[in-house]
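Input: a single structure, listed below in structure tokens.
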Amino acid sequence: MRVVMATNNQNKLREAQEILSPLGIEVISQWEAGADTDPEENGATFADNAYIKARAVYDIVHCPVIADDSGLCVEALGGAPGVHSARYAPKGQECQKLLAAMQDVPAEKRGAYFRCTICYMDENGSGTLSADCKGRIDFSARGGNGFGYDPVFEYGEKTLAEMTSEEKNQISHRGAALRQLYAVFRERYGEADADK
Ligand code: IMP
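For my numbering, add 958 to where a residue sits in the sequence shown, where the first one is 1.
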């Protein structure tokens, strides 16, 4: 089957394609589907924002849509930047800003998690699901892969930016959420349709 991803973030699109295409689900971008929209993400929660994005694209394309709203929640910062992760700092400066905010936080208090919430929508309505990836904020940025906060988010011995995309997708919030989504699609569309 084919779904349209409601996002203007090329990295999220690439990861969703890497994760879902081996499962037989083709993910196309909202631009390929003719939906040039960028709604204001003014919801209070990841689920609210995922719904806003899915709805904006679904109302144009009228076929199955998924939207990902995600972010980084840092325990020492009371869960910030959370739903504001994309707006926490100018693009490319988010890691530096976070490292500065965390400079006096000791190793044992540097716990954090990424959350990925997916909203799926079709002619029968919508649903949401979420998954987390738990790790720590490192003391410096390491690695050149990935995007956003990946260079400062340590999982095991590596930051996400030091992992290959296969390694990241196996343990990431997005990987876990999209594998849950696949299970939902098999229920919703039937085994044969979810696989073709
Ligand atoms: P939004 O879902 O469009 O509000 O943006 C989420 C923001 O959270 C992104 O711009 C990134 O800064 C951050 N983020 C979400 N997922 C990841 C990830 O897998 N790695 C690194 N940063 C992420």
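We put the beta carbon where it would ideally sit given N, CA and C, even for glycine.
beta-carbon residue i near the ligand SAM non-hydrogen atom, thresh 7 Å
i: Asp1062; result: Of the ligands this structure carries, namely the ligand IMP, none is the ligand SAM.
Chain-order list of residues whose beta-carbon lies under 7 Å from that of residue i (same chain, five-residue window excluded)
i: Arg960; result: Glu984, Ile986
i: Ala1070; result: Leu1030, Cys1031, Val1032, Glu1033, Gly1093, Arg1094, Ile1095, Phe1111
i: Gly1104; result: Leu1118, Ala1119, Lys1126
i: Asp1090; result: Tyr1071, Phe1072, Arg1073, His1131
Test item: CB-CB of residue i and residue j under 8 Å
i: Leu1035; j: Ala1059; result: yes
i: Glu973; j: Arg1100; result: no
i: Pro1023; j: Met1079; result: The sequence as given places Val at residue 1023; Pro does not occur at that position. Contact: yes.
i: Tyr1140; j: Leu978; result: yes
i: Val1015; j: Val962; result: yes
i: Tyr1107; j: Cys1053; result: yes
i: Lys1055; j: Ala1047; result: yes
i: Ala1065; j: Val1019; result: no
i: Ser1123; j: Glu998; result: no
Own chain, CB closer than 6 Å to residue i, minus 5 neighbours either side, in chain order
i: Ala1025; result: Ala964, Ala1008, Lys1011, Ala1012, Cys1077
i: Gln1138; result: Leu1087
i: Arg1068; result: Arg1094, Ile1095
i: Asp996; result: Asn966
Opposing strand residues paired with residue i [DSSP bridges]
i: Arg960; result: Glu984
i: Val1032; result: Ala1070
i: Ala1025; result: Cys1077
i: Asp1093; result: Checking the displayed sequence, the identity of residue 1093 turns out to be Gly instead of Asp. In the DSSP output, where bridge partners are listed per residue, Gly1093 has Ala1070.
Cβ shell of residue i (< 8 Å), same chain only, five flanking positions each side left out
i: His1042; result: Gly1029
i: Ala1134; result: Cys1074, Ala1089, Asp1090, Cys1091
i: Asp994; result: Gln988
- Go through the residues and name those whose CB comes closer than 5 Å to any heavy atom of the ligand IMP, in chain order. Residue list for the ligand IMP: Asp1027, Ser1028, Gly1029, Ser1043, Ala1044, Gly1106, Tyr1107, Asp1108 (CB closer than 5 Å to any heavy atom, chain order).
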